[in-house]
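Below you'll find the structure, written out as structure tokens, and then a few comments.
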Amino acid sequence: MDYLLIVIAAILIILGLLGCILPILPGPPLSFAAILLGHFTRWGHLETNLLLWLGLAAAAVTVVDYILPIWATKKFGGSKRGVRGATIGLIVGIFFFPPLGIILGPFIGTLIGELTSRDTMHQSNAFKSAFGSFFGFLLGTGLKFAVSGVITYYFITQVFIC
Numbered sequence: 003m004d005y006l007l008i009v010i011a012a013i014l015i016i017l018g019l020l021g022c023i024l025p026i027l028p029g030p031p032l033s034f035a036a037i038l039l040g041h042f043t044r045w046g047h048l049e050t051n052l053l054l055w056l057g058l059a060a061a062a063v064t065v066v067d068y069i070l071p072i073w074a075t076k077k078f079g080g081s082k083r084g085v086r087g088a089t090i091g092l093i094v095g096i097f098f099f100p101p102l103g104i105i106l107g108p109f110i111g112t113l114i115g116e117l118t119s120r121d122t123m124h125q126s127n128a129f130k131s132a133f134g135s136f137f138g139f140l141l142g143t144g145l146k147f148a149v150s151g152v153i154t155y156y157f158i159t160q161v162f163i164c
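Take the sequence shown: its letters are residues 3 to 164, numbered as in the numbering used here.
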């Protein structure tokens, strides 16, 4: 039974790392599920506190990944209309154009929101605000890779080294 759990966990680790790039897969939660499975084998010896922290990190980065494009749009000078556009673009992108829609949806939504604004200052900053949305996506991807990478490290050291 332990070998079956390790095989399933290894598949989940790979899917978790792929999920950091492919928006349709929840990368960090899959990686965390893998380390949990590894923990319940005879090789598993991670402390409960570490598992709790890894679980919290996986959950937090998953939530933050959806918020960062909207936050970055605002930080790059986006108006309320641009932020609303990023939010609508994210929702439309997730449901109608996965997986590419999660990347392009907030960018296009911000751009449309800013270009249709009556404020000429925000119209001139439309691409800057849209780039902020894209930057937020890249930042979220980096955070997901960091958390999934740490979980992968602990999984490998737990199963194969110790």
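The C-beta atom is built at its ideal place from N, Cα and C for all residues, glycine as well.
Kindly list the residues whose CB is nearer than 6 Å to the CB of L19, restricted to its own chain and excluding five residues on each side of it in sequence; keep chain order. Within the sequence shown, numbered from 1, the residue matching residue 19 stands at position 17. The residues are S150.
Would you report the Cα separation of L140 and L58, rounded to the nearest angstrom? Here residue 140 refers to the residue found at position 138 of the sequence shown. Here residue 58 refers to the residue found at position 56 of the sequence shown. If I take the Cα positions, the gap works out to 21 Å.
What three-state label does DSSP hand S131 in the structure shown? Working through the sequence shown from its first residue, we reach residue 131 at position 129. Three-state result, S131: helix.
Whose C-beta lies closer than 6 Å to the C-beta of L38 among residues of the same chain, with five residues either side of it excluded? As a working mapping, residue 38 is identified with position 36 in the sequence shown. Cβ neighbours of L38 beyond the five flanking positions: none.
Can you grab the Cα-Cα spacing for the pair G91 / R44, in whole Å? On the sequence shown, residue 91 is found 89 positions in, with the first residue counted as 1. On the sequence shown, residue 44 is found 42 positions in, with the first residue counted as 1. Their Cα atoms are separated by approximately 46 Å.
Mind reading off the beta-carbon distance from T75 to G134? Whole number of angstroms is fine, and I expect it under 8 Å. Translated into the one-based positions of the sequence shown, residue 75 becomes position 73. Translated into the one-based positions of the sequence shown, residue 134 becomes position 132. Contact flag correct, Cβ pair sits at about 5 Å.
Limits of the alpha helix (DSSP H) - the one that H47 falls within: Taking the first residue of the sequence shown as 1, we reach residue 47 at position 45. From DSSP, H47 is part of no alpha helix (DSSP H); its letter is neither H nor E.
Backbone secondary structure at R83 - three-state DSSP: Your numbering for residue 83 matches position 81 in the sequence shown. DSSP places R83 in helix when its eight states are reduced to three.
Start and end residues, alpha helix (DSSP H) containing V9: Residue 9 sits at position 7 when you count from the first residue of the sequence shown. 4 to 21 is the extent of the alpha helix (DSSP H) around V9.
Integer-rounded CB distance, given that F78 should sit under 8 Å from K130: Within the sequence shown, the letter at position 128 stands for residue 130. Within the sequence shown, the letter at position 76 stands for residue 78. With 8 Å as the limit, K130 and F78 qualify as a contact, their Cβ atoms being about 5 Å apart.
Can you give me the Cβ contacts of G40 inside the same chain, cut-off strictly under 6 Å, excluding the 5 residues immediately before and after it? For this step, residue 40 is matched to residue 38 along the sequence shown. Answer for G40: A11, G46, F157, Q160, V161, listed in chain order.
So, is T50 buried or exposed, given that buried needs 16 or more other C-beta atoms within 10 angstroms? Your numbering for residue 50 matches position 48 in the sequence shown. Classification for T50: exposed.
Heavy atom of the ligand COA within 7 Å of N127 beta-carbon: Absence of the ligand COA from the depicted structure is noted, as is the absence of any ligand whatsoever, leaving it without description.
So the alpha helix (DSSP H) P108 belongs to, where does it begin and stop? By one-based count along the sequence shown, residue 108 stands at place 106. Start and end: 102 to 117.
With DSSP collapsed to three states, give me the class of F99. Locating residue 99 in the sequence shown gives position 97, where the first residue counts as 1. The answer is coil: DSSP assigns F99 none of H, G, I, E or B.
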